[in-house]
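Note sheet for the following structure.
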Amino acid sequence: MGLEMLLPWTVEAEFGISCSFPLDATVYHRWSRPPDIISFCESAQSLRQVQQTHAQAVLHGVLPASISVSAALILRYALFGSSQKTCQILFSQSAGFARSPFLHNTLIRAHGMLGVCCRDGFLVYNEMFRSCVMPDDHTFPFVLKLCSDFLEVRKGLEAHGMLLKLSFDSDVYVNNTLLSFYGSCGDSLAARKVFDEMPEKDLVSWNSVIRVFSDNSCCTLPVCAALEDSKVGRGIHCCIFKVGLDTQLSIGNALIDAYGKCREVEASRRVFDEMTERNDVTWNATIVILGYNGCYEHAFSSFREVHGFSVRMGLDRDVFVSNSLIDMYSKSGHSTRASNVFHHMDKKNAISFNAMIANFAQNSLQQEAIALHVPGWHTFAPGRKFMQSHSIAEMGHLGMKHDTVSFVGALSACSNASEIKKGKEIHGFAVRRIFHSHQFVANSLLDLYTKCGQIDISRRIFDRMSHRDAASWNTMVLGYGMIGQVQTAIDLFESMRDDGVKYDSVSYIAVLSACSHGGLIEQGRRFFDEMIACNDIKPTEKHYANMVDLLGRCGLVDEAVHLVQSLPIEADSNVWGALLGACRLHGKLDLGCWAADQLLKLKPNHSGYYALLSNMYADAGRWKDADRVRELMKVKGVKKMPGCSWVQMQDQVYAFIAGERFEQLGSHFVGREV
């Protein structure tokens, strides 16, 4: 539809504006000159004054002859929000309208200023092509500005394509507008491409591209954090210090985050200590960074100090800060402290409960994790304080909606505690809430049934999954390997690639573990060599430990020793433990003593390694050496962890250790020493 069908026919008939300007000879002469009328128009302070200027221009014959006056009136009408007048003036210039890109550009700009609807602006743009009016270097900036303001991505891309066809891509003004358009659409990569291909750049170009990256969270410090480039980060920190911006709160928070993600914990802490102002983002970032770097025990005193500061400032009542405190205490093994933070929270959300479920699951308090998720589930353990007080209502009782995280945490707890019955109940609950098909929940179900020895149920869930990721395949390969169905595990591993799923580090750990359990030396070597040749996967201590275990089970102890001595990384306790087990299995006493010596340097308080060495001496008939090892345990205060058993009666679980017995008194069970 042409614009002539949208607009009224005559200006004079439509306006009917009375003139209140004085009409002496001098003024009359000035009203006859377009520059003076434009000046009057630009100085108008109200819509009424614009209308009067318009009337004088028509009265003195300036309109419809002057396109420049029409353009000035269009913009002034748009400034005061009069879209109808804008269209009327456009039609008053019907003679020059079909030939002038200037008037089209002005009207496109006016529709952008009105900010009501972009459709009319695009109608004008399309009318240019239908009327054979060639766009100029001002057309596309106005069109792209319109696309930016109304987030019309598709039309903006079309305009970009057209300006390329018309060879306007070398114009710096057009390119600067393109940068702003892609920035408003959040496409920083496209903006960078435009910037790199610009034949000419001015100050506006640089400011625009910096603004694009900043607005899209691509400013320099987050980039350093993402790339873990501490060298560049320190350089930027020096520049910040030199220009005096180091006292700004937002920059301080960004520096804490950047140093922390670059594994520079001490530098991150120094920035925190030197900050003159802190907010909840500061405290939260500091807590998260300590957890991110895994320095829980090393930084525990610093963390408690942070906690103390947050309490004194009242920030501990902030739910986000409290959730971070729970997470930090949980990961540092201080489950009781995490519980205390949880107890004292004024408000709790689903994240709070999920953090506590994860806390209990991570710290071997599986029953408490289940109790938080499942109403009516309680645990009683003699000699151990019940972690979940009755003041903590279950998620369901508080009206908290269970989400994927809570289901994953509870299923993980059931898996670690071999609570197959309660795990099945949670499975049913997940099905009713339609969470069972979620990727993470489905993977947790696979892990539950696999660890509880019900691999057939795991396989049925696995076969019904609409999408299987690497974790799904890895769980099944590990599960079949653990129960001795090694060939099935290998077949699944090889089918994984056929299904289009890329192997990861855990995939090779799973298949090497399966080969180790089955004594399949040739297949194990083939998979290990395949992993070494793959540039995407870097072998870890666990991969080497599985290979040492495989070689040891197959009687190739000398080759296992050679592998340990030629490792490109420092062997950890897993590697030395596998070698010690192989030496005991094949009676290699001298090599076993060497492995045990290295092992106890790494894990001096691990009772299992002392027991393994003592048993190896006993197998060789060297009883004095076996007694010496056990005496060494007493001197160092190393105690063997007692075995713990659980008895489930209805919805209650009773825990007891070796040497205890239970007697029923009334409706309760108590533990007594024998």
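Residue 1 is where the sequence shown starts when you use the UniProt record's numbering, and the numbers rise one by one after that.
Backbone N, C-alpha and C define an ideal beta-carbon position, used for all residues, glycine too.
Determine the DSSP secondary structure at residue i, reduced to helix, strand or coil.
| i | result |
| --- | --- |
| T276 | coil |
| G484 | coil |
| Y617 | helix |
| R33 | coil |
| G423 | helix |
| C593 | helix |
| S268 | helix |
| E200 | coil |
| D169 | coil |
| F15 | Bear in mind that a pLDDT of 42 at F15, under 50, signals an unreliable position, so the model cannot answer this. |
| T177 | helix |
| L602 | helix |
| N105 | helix |
| P539 | coil |
| A258 | helix |
| D504 | coil |
| H237 | helix |
| G161 | helix |
| R622 | coil |
| F213 | helix |
| L23 | Reliability fails at L23, whose pLDDT of 43 lies under 50, so the model's placement of it is uncertain and the value that follows must be treated cautiously. L23: coil per DSSP, three-state reduction. |
| H138 | coil |
| M356 | helix |
| F40 | helix |
| R119 | helix |
| E152 | coil |
| C515 | helix |
| E127 | helix |
Judging by CA-CA distance, which residue of the options is the nearest neighbour of residue i?
| i | options | result |
| --- | --- | --- |
| P35 | A72, K422 and V638 | A72 |
| G500 | G479, M476, E559 and H467 | H467 |
| L47 | Q56, G81 and G183 | G81 |
| D196 | C185, L585, V271 and L178 | L178 |
| V324 | V341, R269 and T336 | The sequence given here has Ser at residue 324, not Val. Closest by alpha carbon: V341. |
| S458 | C41, V486, D257 and H427 | H427 |
| I483 | E494, S513 and R497 | S513 |
| S148 | L551, G186, V172 and Q565 | G186 |
| G608 | S100, V638 and Y617 | V638 |
| C452 | T475, R433, E127 and A430 | T475 |
| residue 707 | T450, C554 and C132 | Because the chain spans 1 through 674 in this model, residue 707 falls outside it and cannot be assessed. |
| N253 | E264, R263 and T286 | T286 |
| L166 | V431, P135 and G333 | P135 |
| S614 | R628, K601, P604 and K603 | R628 |
| V62 | R76, I38 and A44 | I38 |
Is the distance from the Cβ of residue i to the Cβ of residue j below 8 angstroms?
| i | j | result |
| --- | --- | --- |
| V511 | F527 | yes |
| H562 | Y508 | no |
| W623 | L599 | no |
| F353 | T404 | no |
| residue 675 | L580 | Residue 675 lies beyond the residue range present for the chain, which begins at 1 and ends at 674; the question has no answer from this structure. |
| H438 | V486 | no |
| V143 | Y125 | yes |
| S330 | A355 | yes |
| H138 | N105 | yes |
| V441 | F407 | yes |
| I256 | F241 | no |
| A571 | D549 | no |
| S268 | I289 | yes |
| E522 | N574 | no |
| residue 687 | A533 | No information on residue 687 is available, as it lies outside the stretch 1 to 674 that the chain covers here. |
| I74 | F102 | no |
| M547 | G524 | yes |
| L146 | G183 | no |
| A560 | L567 | no |
| A78 | L114 | yes |
| S188 | F213 | yes |
| K155 | F129 | no |
| K588 | V564 | no |
| A358 | G423 | no |
Is residue i near the ligand ATP, judged by its Cβ being under 7 angstroms from some heavy atom?
| i | result |
| --- | --- |
| V408 | Ligands displayed in this structure: none; no statement on the ligand ATP is therefore possible. |
Contact between the segment 231-242 and the segment 199-216: three or more CB pairs below 8 angstroms? The segment 231-242 vs the segment 199-216: no contact.
Spell out a yes or no on whether the segment 240-255 and the segment 272-279 are touching, meaning 3 or more CB-CB pairs, one atom from each, closer than 8 angstroms. Proximity of the segment 240-255 to the segment 272-279 meets the contact definition, three or more beta-carbon pairs being nearer than 8 angstroms.
Fully enclosed by the segment 438-475, which alpha helix (DSSP H) runs are 4 residues long or longer? Note on the segment 438-475: whole alpha helix (DSSP H) runs with a minimum of 4 residues are 439-451 and 455-464, in chain order.
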